Amino acid sequence: MFPEVFETRPIRIWLDNGLEWIVINWGDSFEAAATPLLWLLNGIEGGLLTIPWWIIIGFFTVLAYLSTRKATLPIIVLVSMLFLGVMELWEDSIKTMALMIAATVTAIVFSLPTGIAMARSATLRKIMTPVLDLMQTMPSFVYLIPTVMIFGPGKIPALLATIVYAAPPLVRLTDLGIRLVDPQVMEASRAFGASPRQRLFGVQIPLALPTILAGINQTTMMALAMVVIASMIGAGGLGYQVLQGIGRLEVSRGVLAGLGIVVLAIVFDRITQSFGKQLEARIGVGRGRL
Amino acid sequence: MSDLKISMQGVTKIFGPEPDEVLSQLKQGRSKDELQAETGHVIGLNNVDLEVSPGQLHVVMGLSGSGKSTLIRHVNRLIDPTAGEIHVNGRNVLEMDMDALRDFRRTEIAMVFQKFGLLPHRTVLDNVAYGLEVRGVEKKERLQTAEKWIATVGLEGYEQSRPHQLSGGQQQRVGLARALAMDVDILLMDEAFSALDPLIRSGMQDELLVLQKELNKTILFITHDFDEALKIGDQVTVLQDGAVIQSGRPEDVVLNPANEHIEEFVADVNRARAIHINTIMETGDFGPCEYSVDQSACCEDVLPLFAEHDWVGVTDDSKSVIGKITAKRVIKALARHSAI
Chain D
25 MFPEVFETRP IRIWLDNGLE WIVINWGDSF EAAATPLLWL LNGIEGGLLT
75 IPWWIIIGFF TVLAYLSTRK ATLPIIVLVS MLFLGVMELW EDSIKTMALM
125 IAATVTAIVF SLPTGIAMAR SATLRKIMTP VLDLMQTMPS FVYLIPTVMI
175 FGPGKIPALL ATIVYAAPPL VRLTDLGIRL VDPQVMEASR AFGASPRQRL
225 FGVQIPLALP TILAGINQTT MMALAMVVIA SMIGAGGLGY QVLQGIGRLE
275 VSRGVLAGLG IVVLAIVFDR ITQSFGKQLE ARIGVGRGRL
Chain U
102 MSDLKISMQG VTKIFGPEPD EVLSQLKQGR SKDELQAETG HVIGLNNVDL
152 EVSPGQLHVV MGLSGSGKST LIRHVNRLID PTAGEIHVNG RNVLEMDMDA
202 LRDFRRTEIA MVFQKFGLLP HRTVLDNVAY GLEVRGVEKK ERLQTAEKWI
252 ATVGLEGYEQ SRPHQLSGGQ QQRVGLARAL AMDVDILLMD EAFSALDPLI
302 RSGMQDELLV LQKELNKTIL FITHDFDEAL KIGDQVTVLQ DGAVIQSGRP
352 EDVVLNPANE HIEEFVADVN RARAIHINTI METGDFGPCE YSVDQSACCE
402 DVLPLFAEHD WVGVTDDSKS VIGKITAKRV IKALARHSAI
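Residue numbers (the working numbering), protein chains in the order written: chain D, 25 to 314; chain U, 102 to 441.
Set out below in structure tokens:
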């Protein structure tokens with residue numbers, strides 16, 4: 025046994041009381057600050073639910089065609105999404121999709137500037153790397169409990185937990201993509217008198233785009249991986265079906281909803297990946313996928 | 102000094118965390134190797150002086166690690182020197198703030214890179230127009246200018262291609278067109294042809310000379326290839342370990358190498374092509390001659406003539422005879438160092 029160095033109980037009590045104090049005094053402010061996220065999520069969800077199913081399926085099928093210019097992927101996408109409808113999973117799928125899209129959009133808004141800033145400042149990278157490690161490895165239940173305490177069960181903590189888990193790969197890949205831009209091209213751009221802004225938007229971001237897109241792909245995948253956990257604290261959708269399946273020992277419900285998540289993952293993964301490949305081919309850099 | 106396009110005085114560049122400390126030791130006369138081993142600092146350039154007059158094609162030559170790429174990057178201040186002065190177009194480059202420097206790079210100087218440095222996500226047309234775009238030239242005008250220069254370097258029909266679809270030689274033509282489209286007096290060429298195949302390299306050298314005759318730019322050209330330096334250079338500066346060891350006309354360097362290092366370089370050079378006859382001819386009037394050549398001819402050109410003639414006359418630009426050249430002189434010049 026490791027000898028007791030000092031009593032740790034006070035620390036734990038202090039932490040618990042601190043959180044309680046935050047909940048009591050700041051709970052409302054936090055909730056108010058997070059309402060835009062709720063609007064975003066509800067907006068996307070409401071919007072997608074009012075659009076007829078065939079338009080949505082058509083949209084993704086066309087998108088799949090545009091991303092590959094071949095028949096295979098559109099057919100896969102069409103069949104997969106029809107499967108969702110036929111198995112009476114359509115509404116739940118849309119809710120899950122809305123959560124994933126809202127999380128991805130928010131992650132992009134925060135991750136791109138962070139990644140770009142990290143690529144430019146070694147100090148910031150040193151600070152952010154352990155933070156990102158923490159975000160990715162800390163078991164999500166650990167931060168779910170305080171978020172639920174602050175925001176109450178519902179969509180906001182579910183969305184926040186999804187963002188925390190899904191954003192790090194995008195930050196990392198944005199940083200990596202920008203740093204991987206050929207230094208010779210950067211030097212040429214400097215030699216012609218390009219300002220930092222011209223270099224960022226004219227050279228670095230366009231050349232890092234395939235890597236950034238790989239990051240967005242990762243973010244969508246990780247957001248989907250979180251939906252079951254998110255449903256525990258109030259997100260509906262496929263994750264909730266899985267949860268119910270487990271609770272009621274209804275294997276069929278769990279399996280079908282689980283397959284639904286896989287279908288969404290395949291649709292989003294293949295489409296974003298194909299767009300990434302298209303972009304790489306246009307630029308002429310075959311960067312290994314990470 | 103103001104009539105020089107580029108001038109550098111006592112430029113020293115030390116890479117490392119404490120360049121000033123090492124600089125003072127270097128000035129006390131300690132050797133580069135010693136300081137490098139002791140302090141871990143790399144001395145890129147050591148007290149370099151360089152003068153380039155308008156319209157000159159000035160070649161800086163040296164082996165890899167001699168500091169030549171560092172040197173050319175000082176001219177447009179892609180690298181800041183540790184000490185020394187740099188004037189371009191009569192202006193002190195080191196006194197410019199970031200805005201002035203950016204403006205200077207946009208309007209007074211252009212650069213061609215060894216690995217081309219093209220923007221892979223843009224078409225050839227947009228690549229050539231890049232410098233003008235950065236300068237803020239309106240889209241229609243810059244694309245017109247770009248088209249003109251694409252035609253000049255012989256890439257018509259490739260306007261909408263992407264750089265990776267082109268061969269190395271074509272890519273460097275894009276790089277050259279991008280620099281020329283800037284329409285500036287000073288061109289920096291950093292081993293511009295070194296990455297190309299020998300045949301293509303030779304072709305590009307010829308084209309550069311043709312263009313230069315027409316455009317009369319001031320060109321600072323970096324190379325590690327002595328033959329290239331001799332072929333295109335009006336003036337050659339040889340760099341070794343970051344210091345200038347010889348500067349002069351190409352044939353002066355071939356005929357009178359300053360040290361063993363240059364002699365080694367010169368050993369492989371095709372001397373018959375490098376040495377122009379005006380440097381070895383006898384001046385004076387030697388009576389009517391059966392055959393004459395222009396003074397800019399090189400030994401290679403006159404050698405076949407000696408099969409028929411004992412000597413041939415040498416004429417100046419106005420075609421009047423100014424001297425003669427004999428087989429003996431040519432042989433002597435060609436054999437000079439190999440004989441020792």
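Ideal placement from N, C-alpha and C gives every residue a C-beta, glycine not left out. Since the model is a prediction, treat every value here as computed from it, not as a measurement.
Exercise for the section: Could you pull the start and end residues of the alpha helix (DSSP H) that D/V129 belongs to? Expected result: Start at 1 with the first residue of the first sequence, and residue 129 of chain D comes out as number 105. Per DSSP, D/V129 belongs to the alpha helix (DSSP H) from W114 to R144.
Handout entry: Whole-number beta carbon distance between U/G276 and U/G232, since they are thought to touch under 8 angstroms
Key = Within the second sequence, numbered from 1, the residue matching residue 232 of chain U stands at position 131. Within the second sequence, numbered from 1, the residue matching residue 276 of chain U stands at position 175. Not a contact, Cβ separation roughly 11 angstroms.
Exercise for the section: Would you give the residue range spanned by the alpha helix (DSSP H) that U/L256 belongs to? Expected result: Within the second sequence, numbered from 1, the residue matching residue 256 of chain U stands at position 155. No alpha helix (DSSP H) contains U/L256, which DSSP labels as neither H nor E.
Handout entry: Residue burial classification, U/G92 (beta-carbon count within 10 angstroms, cutoff 16)
Key = Limits of chain U in this structure are 102 at one end and 441 at the other, which puts residue 92 of chain U out of reach.
Handout entry: Start and end residues, alpha helix (DSSP H) containing U/D506
Key = It is not possible to answer for residue 506 of chain U, since the shown part of chain U is limited to 102 through 441.
Exercise for the section: Verify the CB distance criterion: does U/K241 have a CB-CB separation below 8 angstroms to chain D? Expected result: Position 140 of the second sequence, counted from the start, is the residue given in the question as residue 241 of chain U. U/K241 does not count as touching chain D.
Exercise for the section: Determine which residues of the stretch 203 to 236 of chain D have a Cβ less than 7 angstroms from any Cβ of chain U, and write them out in chain order. Expected result: Q208, V209, E211, A212, R214, A215, F216, G217, A218, S219, Q222, V227, P230 and L231
Practice task
Helix, strand or coil for D/M250, going by three-state DSSP, please let me know.
Solution key: Stepping through the first sequence from its first residue, residue 250 of chain D is reached at position 226. D/M250 falls in the coil class under three-state DSSP.
Handout entry: Backbone secondary structure at D/R311 - three-state DSSP
Key = Here residue 311 of chain D is taken as the residue at index 287 of the first sequence, counted from 1. Confidence in D/R311 is poor, its pLDDT being 43 and thus under 50, which makes the residue's placement unreliable; the coordinate value appears in the next sentence. Correct three-state label for D/R311: coil.
Exercise for the section: Write down the C-beta distance between D/R214 and D/A143 rounded to the nearest angstrom, noting that I regard them as a contact closer than 8 angstroms. Expected result: Here residue 214 of chain D corresponds to residue number 190 of the first sequence, with the count starting at 1. Here residue 143 of chain D corresponds to residue number 119 of the first sequence, with the count starting at 1. Going by Cβ atoms, the distance from D/R214 to D/A143 rounds to 16 angstroms, so no, they are not a contact pair.
Problem - Separation of D/E211 from U/D181, as counted between CA atoms - result: As a position in the second sequence, residue 181 of chain U is number 80, starting the count at 1. As a position in the first sequence, residue 211 of chain D is number 187, starting the count at 1. So the two alpha carbons sit approximately 14 angstroms from each other.
Handout entry: Where the alpha helix (DSSP H) through D/L39 begins and ends
Key = Numbered from 1 along the first sequence, position 15 holds the residue referred to as residue 39 of chain D. Unbroken alpha helix (DSSP H) run through D/L39: R33 to T74.
Exercise for the section: Kindly identify the DSSP beta-bridge partner or partners of U/W412. Expected result: As a first step, residue 412 of chain U is located in the second sequence; it is residue number 311 there, counting from the start. Beta-bridge pairing links U/W412 to U/T427.
Practice task
With 7 angstroms as the limit, tell me which residues of the stretch 155 to 180 of chain U have their beta carbon closer than that to any beta carbon of chain D; keep them in chain order.
Solution key: N177 and L179
Handout entry: Chain-ordered neighbours of D/R307 on chain U, where CB pairs are closer than 7 angstroms
Key = Within the first sequence, residue 307 of chain D is the residue found at index 283, counting from 1. First, the residue type needs correcting, since residue 307 of chain D is Ile and not Arg in the sequence shown. Result: P221 and H222.
Exercise for the section: Take every Cβ of the stretch 251 to 262 of chain U, pair it with every Cβ of the stretch 206 to 220 of chain U, and state whether three or more of those distances are shorter than 8 angstroms. Expected result: Cβ pair count under 8 angstroms is below three, so no.
Handout entry: Helix, strand or coil at U/G343 according to DSSP, with G and I counted as helix
Key = Translated into positions along the second sequence, residue 343 of chain U becomes position 242. It is coil, neither helix nor strand.
Problem - Inter-residue spacing [alpha-carbon to alpha-carbon] between U/L158 and D/T85 - result: Mapped onto the second sequence, residue 158 of chain U falls at position 57. Mapped onto the first sequence, residue 85 of chain D falls at position 61. Across the structure, U/L158 and D/T85 are spaced so that their CA atoms are roughly 60 angstroms apart.
Practice task
Taking the CB atoms as reference points, tell me whether U/L146 and U/G168 lie closer together than 8 angstroms.
Solution key: Here residue 146 of chain U corresponds to residue number 45 of the second sequence, with the count starting at 1. Here residue 168 of chain U corresponds to residue number 67 of the second sequence, with the count starting at 1. Their beta carbons are under 8 angstroms apart, which means U/L146 touches U/G168 by this criterion.
Problem - Span separating the alpha-carbon of U/L172 from that of U/I376 - result: Walking along the second sequence from the start, residue 172 of chain U turns up at place 71. Walking along the second sequence from the start, residue 376 of chain U turns up at place 275. Roughly 27 angstroms separates the two Cα atoms.
Exercise for the section: Tell me, please, whether the CB atom of U/V403 is closer than 8 angstroms to any CB atom in chain D? Expected result: On the second sequence, residue 403 of chain U is found 302 positions in, with the first residue counted as 1. With 8 angstroms as the cut-off, U/V403 does not count as an interface residue toward chain D.
Handout entry: Coil, strand or helix - D/R93 by DSSP
Key = For the purposes of this step, residue 93 of chain D is taken as residue 69 along the first sequence, with counting starting at 1. Per DSSP, reduced to three states, the secondary structure at D/R93 is coil, with no helix or strand assignment.
Exercise for the section: Give the straight-line distance between the Cα atoms of D/T92 and D/M105, rounded to the nearest whole angstrom. Expected result: Taking the first sequence and counting its residues from 1, one reaches residue 92 of chain D at position 68. Taking the first sequence and counting its residues from 1, one reaches residue 105 of chain D at position 81. The alpha-carbon atoms of D/T92 and D/M105 are separated by roughly 18 angstroms.
Handout entry: Stretch-stretch touch, CB-based, cutoff 8 angstroms, three pairs: the stretch 213 to 232 of chain D with the stretch 194 to 209 of chain U
Key = yes
Problem - Listed by chain order, chain D residues near U/R236 by CB distance under 9 angstroms - result: Indexing the second sequence from 1 puts residue 236 of chain U at position 135. Chain D residues near U/R236: F216 and G217.
Exercise for the section: Starting from U/S348, follow its DSSP beta bridges and name the residues at the other end. Expected result: If you number the second sequence from 1, residue 348 of chain U lands on position 247. Bridge partners of U/S348: U/T338.
Handout entry: CB-CB length for U/D328 against U/V370, believed under 8 angstroms
Key = If you number the second sequence from 1, residue 328 of chain U lands on position 227. If you number the second sequence from 1, residue 370 of chain U lands on position 269. Yes, they are in contact, since the Cβ atoms of U/D328 and U/V370 sit about 6 angstroms apart, within 8 angstroms.
Problem - Under 8 angstroms from the C-beta of U/D204: neighbouring residues of chain D - result: For this step, residue 204 of chain U is matched to residue 103 along the second sequence. G217, listed in chain order.
Exercise for the section: Mind checking who U/N193 pairs with in its DSSP beta bridge? Expected result: Reading the second sequence from its first residue, position 92 is the one you call residue 193 of chain U. Here U/N193 is bridged, per DSSP, to U/H188.
Exercise for the section: Pair every Cβ in the stretch 144 to 154 of chain D with every Cβ in the stretch 259 to 267 of chain D, then say whether three or more of these pairs are closer than 8 angstroms. Expected result: no
Handout entry: Run of the alpha helix (DSSP H) containing U/F327, from where it starts to where it stops
Key = As a working note, residue 327 of chain U is residue 226 in the second sequence. Per DSSP, the continuous alpha helix (DSSP H) segment holding U/F327 begins and ends at F327 to I333.
Practice task
Rounded to whole angstroms, what's the CA-CA distance from U/S262 to D/A95? Just pull it up for me.
Solution key: Reading the second sequence from its first residue, position 161 is the one you call residue 262 of chain U. Reading the first sequence from its first residue, position 71 is the one you call residue 95 of chain D. Going by the C-alpha atoms only, they are around 27 angstroms apart.
Exercise for the section: Could you tell me whether any Cβ in chain C is nearer than 8 angstroms to the Cβ of U/R207? Expected result: Here chain C cannot be found, since the structure's protein chains are D and U.
Exercise for the section: Could you give the DSSP three-state label for U/E391: helix, strand or coil? Expected result: In the second sequence, counting from the first residue as 1, residue 391 of chain U sits at position 290. Here U/E391 sits in coil by DSSP.
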